[in-house]
Structure formats: C-alpha cells, structure tokens
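Report on the structure given below.
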Amino acid sequence: MKSEDFLTNLSRSLGRDAVPNVTPDAATHLSLSSAMAQERAQQVAADMSARADELMASLERTAAEAAWRVFRAKSPQDATHYIREVARDIEARTMLRTTHAALDALDVEEAMHGTGITLEVMAVDQDTPDDAQEAMRGELRGKAIGTDIGITGVDYAIAETGSCVLLPRKGVSRVISLLPPVHIAVVRSGQVLPSLDELFTLRRQDFLTGDIGSYLNIISGPSRSADIEYQLVTGVHGPGEVHMILLD
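As structure tokens, then:
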C-alpha cells in the first residue's frame, strides 16, 4: 500500500474528508539544510543563555512536580553541603560520580573528606582497546550496582518536563544515573532548555556534525513502574530517590 493510500484510509477512519496538509516545523524538521540547522542551533543556544534565570526558575517548579527533590544552591559550598546531608541521611558508605565539569568545579572529593564515605570517579577511557573497554564497562556496572549514591552533572535540563539529559562521551556513563538507588544531578545556570523541541534541534545539529553519540538519556524523576493492575511502584528499574541541585 502506498503511503498516500494509507494516510487517506486513516483520515477517513478519523472522520476527515481529506488528508491534512501540514507544513513541517522548520525548527525540528529533518530536511533542514546544514546551514539552516546550524543557524537554528545557534538561536537555541543564545536563547538558552539569555533566558537562563527564567528557565532555571521554571525547572525548579516542574522538577518538583516530577518528584525530584530539588535544592537551589546559592554557592558551590551550598551544593556540596547538600550532597553531604543526603549521604548522611541515607547512611551512605559508597558514592560514584561522573567527570562532568560541574562536579569537578564543586570538588566533591574534598567535601566528602573525613566522612568515611568512599567516592570514586568512574569513566571508561575511550582510547583503550575495545576488549579492555568492555572489561572496564563490566567493572563499572558492578560497582554501580553496589554503590549507594550516583552523582552526575547534566548536558541539558528541560524546563517544560523537569527532566535532565545526559549524553554519552568520555568520562560519562549512564549507569551511574541508573543503577544506584539514589541519584543526585547537578544543573548549572545556562544548561536549561525550554522544551524537548530545542533539545532535538541541538541533537539534529550534532547529527550533521557527526557528534550524535550512541544514545540519549532523559531522566524525568524517580523510576516508576506500573503493573497490569495499575499498581505504581517506585525504584524497581532505576533510582527510587532522585535529587536535583540547581546551581546559579
């Protein structure tokens, strides 16, 4: 069956006389030329910077609605103090973190000094041979399963949905945000996008420049699963407790 025939049948089933003539959204349409995609991505980045305060305030509200435990830090010291408090409250003994720049700037290791908590920076070196990388990933997964808290930065956050976005690259593994029972995400001012539309615009540009990566990890609150009887359970397929630190 031709696509035109399929769409005609579908429209008739919906009670429409004809197939709607929809003009693609130029902001996200895949047929954008490289120049148009680059221009649009630059506009998104400029808007994200210009509206940083507004978007951060919106994220604070939507993230709380999505069941994140949100903390607005006034300084790096506030942020590290909060991390210590979370670790103390759950009696954590082990922590893993990514190599996101936000965490390097916080000096989380120094903040954990003297607490008795073991904190490791976990990353797979992309320059090592494939066999060695696979062994390192297996070791990382094992440690992530057994650790108490995973700490990550973010590449972006989404104000509309209260979500964090992690992209794959050297020094960043999604297992740190997925396997420990508690996840702490640190979001810096200027990293917040208005909606998923802007995210996909930027990812389109990444695709055109050959920097798309192998996956996209969008985290919208704690892990939630429901069975056939609509019983909602938290923390079965991921962290049941998630914290978002907003750092101005």
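Using the numbering used here, read the sequence shown as starting at 210 and increasing by one per residue. Where a beta carbon is used, it is the ideal one built from N, C-alpha and C, also for glycine.
One or two residues paired with residue i in a DSSP bridge
i           : result
residue 402 : 367
residue 427 : 374
residue 453 : 279, 394
residue 433 : 443
residue 359 : 305, 392
residue 324 : Residue 324 pairs with nothing; no bridge assigned.
Length of the line joining the Cα atoms of residue i and residue j
i           : j           : result
residue 268 : residue 346 : 32 Å
residue 448 : residue 430 : 9 Å
residue 375 : residue 324 : 28 Å
residue 442 : residue 261 : 35 Å
residue 349 : residue 265 : 32 Å
residue 358 : residue 303 : 7 Å
residue 422 : residue 313 : 23 Å
residue 356 : residue 402 : 31 Å
residue 446 : residue 226 : 45 Å
residue 390 : residue 306 : 14 Å
residue 459 : residue 377 : Outside the shown range of the chain (210 to 457) lies residue 459, about which nothing can therefore be said.
residue 370 : residue 271 : 6 Å
residue 318 : residue 257 : 30 Å
Residue i classed as buried or exposed, judged by whether at least 16 other C-beta atoms fall within 10 angstroms
i           : result
residue 215 : exposed
residue 309 : buried
residue 424 : exposed
residue 392 : buried
residue 407 : buried
residue 450 : buried
residue 435 : exposed
residue 249 : buried
residue 299 : exposed
residue 452 : buried
residue 372 : buried
Residue i in three-state terms, based on DSSP
i           : result
residue 306 : strand
residue 249 : helix
residue 318 : helix
residue 271 : helix
residue 348 : helix
residue 418 : coil
residue 213 : helix
Interface flag, residue i vs chain D, CB-CB below 9 Å
i           : result
residue 412 : No chain D appears in this structure, which consists of one protein chain only.
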